[in-house]
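**Student:** There's a structure below that I have some questions on.
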Amino acid sequence: MTLFEGRTSGDARTKEVVEECRRRLRDDPGDAAAVLRLADALASGGDPREAVQVLNRAGPRLQKAGKLLEAIAVYKKVEELDPKAEVTSSFLAKIELKKILEATARAQAQAEAPAAAGASAPPPAEMAERRKKSERVHSLRKEIPLLKDIPPFLFELVLEKIHLRTLAPGQGLFAEGDEGSSLSFVAAGELVVSAKGDDGAPVLLGLLGPGDVAGEISFLSGVPRTATVAARTRVDLLELDRNALTPLVKKHRHVAEALSRLYAERVLDGVLARSRLFGQLPRSDRDALARRLKPLTAKPGEVLIREGASDAGLYLVRRGAVRVTVRQGTRDVALALLTPHDFFGDLATVRSRPRTASVTAVTDTELLWLAGPDLLAILANRPGLSSVLEEIQLERFVRNAEKLAGEH
Numbered sequence: 498m499t500l501f502e503g504r505t506s507g508d509a510r511t512k513e514v515v516e517e518c519r520r521r522l523r524d525d526p527g528d529a530a531a532v533l534r535l536a537d538a539l540a541s542g543g544d545p546r547e548a549v550q551v552l553n554r555a556g557p558r559l560q561k562a563g564k565l566l567e568a569i570a571v572y573k574k575v576e577e578l579d580p581k582a583e584v585t586s587s588f589l590a591k592i593e594l595k596k597i598l599e600a601t602a603r604a605q606a607q608a609e610a611p612a613a614a615g616a617s618a619p620p621p622a623e624m625a626e627r628r629k630k631s632e633r634v635h636s637l638r639k640e641i642p643l644l645k646d647i648p649p650f651l652f653e654l655v656l657e658k659i660h661l662r663t664l665a666p667g668q669g670l671f672a673e674g675d676e677g678s679s680l681s682f683v684a685a686g687e688l689v690v691s692a693k694g695d696d697g698a699p700v701l702l703g704l705l706g707p708g709d710v711a712g713e714i715s716f717l718s719g720v721p722r723t724a725t726v727a728a729r730t731r732v733d734l735l736e737l738d739r740n741a742l743t744p745l746v747k748k749h750r751h752v753a754e755a756l757s758r759l760y761a762e763r764v765l766d767g768v769l770a771r772s773r774l775f776g777q778l779p780r781s782d783r784d785a786l787a788r789r790l791k792p793l794t795a796k797p798g799e800v801l802i803r804e805g806a807s808d809a810g811l812y813l814v815r816r817g818a819v820r821v822t823v824r825q826g827t828r829d830v831a832l833a834l835l836t837p838h839d840f841f842g843d844l845a846t847v848r849s850r851p852r853t854a855s856v857t858a859v860t861d862t863e864l865l866w867l868a869g870p871d872l873l874a875i876l877a878n879r880p881g882l883s884s885v886l887e888e889i890q891l892e893r894f895v896r897n898a899e900k901l902a903g904e905h
């Protein structure tokens, strides 16, 4: 999948990407990744001429600043979008690209010359493995999250850290709860992903095919595996270990930004898929919902919702735990401890009432907040979701009534 194939919001999404990249370039005119992404967005949005002009303005600026790898990537993008140099400045870009490549080749030849006499070529098997890996990765690059966001001038460095791996049908990649620091890109075949739901029963999260990623949550955050993944068919994988990538993340901001985008996209969808409420939504609806969620953090003891308050909005626990309490006379009575994938704040939002309980963070907590109007719009468009929510609210009501009755 290319950058904008399969998008659900069409021109609106393209406009959003263009605005984001322009903002980044206002803050940092030397942000080559933003230049390249802006060019892709403009070209995909039907304005390739402006995309080329953006690139041709950025190339000389990067070259003058000594960012030759970035300048090469920008000039190569010009060649891709304007191969016949129909934009006048593209001809100059081709000349500059040729100069840089020739100078780089000369410098590399001079640096390698002293060692060439005593150097030995890698074994044929190792060379064949490198070629196979390079061909497979390059063929999938535009389809794979993370890799598609890494600028061309850094891609070869990341490629060196990737290893090939094959799974037989039925063979497990990892199990929920395992420790792990690697992520895997599916090159061929299918993986089955499942996890325990809120009620403890296994939940099928989906199938992963060519271009998909497995294991990114543990890779990004260091937490144990959050799902079980096994091969449905023979599967060829491209595996990348966090420890191998860490030096590149520290040195190159563009790699860190690509990882951040992957975390935002995949972690949000994983939390929604495993929620008893939002797991009912089809993947396309979850993707749309994820874009409306606002991430929040809370420290132990921080009050997230105060009983009697008139604010609205639903909270989904992504990490940590929160305690729900109500005031009984002079003391607080604990009603529930909510953990990842649980949600709260829905009753007051749906019924337009004051908050019926207080909610306080017990640990360092990460939350996803959904505005009241957005929740109501989802429920209006998905009547089946309203039924699930009413069932959950009824269960809570009975449980809380029993809890309060036991306090008397």
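Using our numbering, read the sequence shown as starting at 498 and increasing by one per residue. Idealized CB from N, CA, C, for every residue including glycine. Since the model is a prediction, treat every value here as computed from it, not as a measurement.
1. Cutting at 7 Å between CB atoms, please list the residues of its own chain near Gly667, excluding the five before and the five after it.
2. Strictly by DSSP, which residues pair up with Val862?
3. Using the C-alpha atoms, what's the distance from Leu522 back to Ala538?
4. Give the DSSP bridge partners of Ala685, in chain order.
5. What does Phe841 pair with, by DSSP beta-bridge criteria?
6. One question on the structure: do Glu863 and Arg816 come within less than 7 Å of each other, judged by their Cβ atoms?
7. Put Ile444 into one of helix, strand or coil per three-state DSSP.
8. Do Pro837 and Val800 have their C-beta atoms closer together than 7 Å?
9. Is any beta-carbon of chain C found at less than 7 Å from that of Gly869?
10. Name the residue from Val830, Trp866, Ser781 and Leu832 whose alpha carbon lies nearest to the alpha carbon of Ala795.
11. If you compare alpha carbons, which of Ala831, Leu670, Asp738 and Leu565 is closest to Ala724?
12. State the DSSP-derived secondary structure class of Leu705, mapped to helix, strand or coil.
13. Check Ile647 in the structure and name its three-state DSSP category.
14. Using alpha carbons as the reference points, say which of Glu713, Arg852 and Leu793 lies closest to Leu809.
15. Using the three-state DSSP reduction, which class does Asp675 fall into: helix, strand or coil?
16. Am I right that Ala672 and Leu734 are in contact with their C-beta atoms under 8 Å? What's the rounded C-beta distance?
17. Indicate whether the contact test is met: 3 or more Cβ pairs, each with one atom in the stretch 886-904 and one in the stretch 823-833, closer than 8 Å.
18. Grouping DSSP H, G and I as helix and E and B as strand, with all else coil, what is Ala728?
**Tutor:** Walking through what the data contain:
1. Ala727 and Ala728
2. One point to set straight first is that residue 862 is Thr, not Val, in the sequence displayed. Answer by DSSP bridge pairing, in chain order: Ala795.
3. 14 Å
4. Asp733
5. Tyr812
6. yes
7. There is no way to answer for residue 444, as the model of the chain reaches only from 498 to 905.
8. no
9. Of the protein chains in this structure there is only one, and it is not chain C.
10. Trp866
11. Leu670
12. strand
13. coil
14. Inspection of the sequence shows that residue 809 is occupied by Ala rather than by Leu. Selected option, being the one with the closest Cα: Arg852.
15. coil
16. The Cβ separation is near 16 Å, so there is no contact.
17. yes
18. strand
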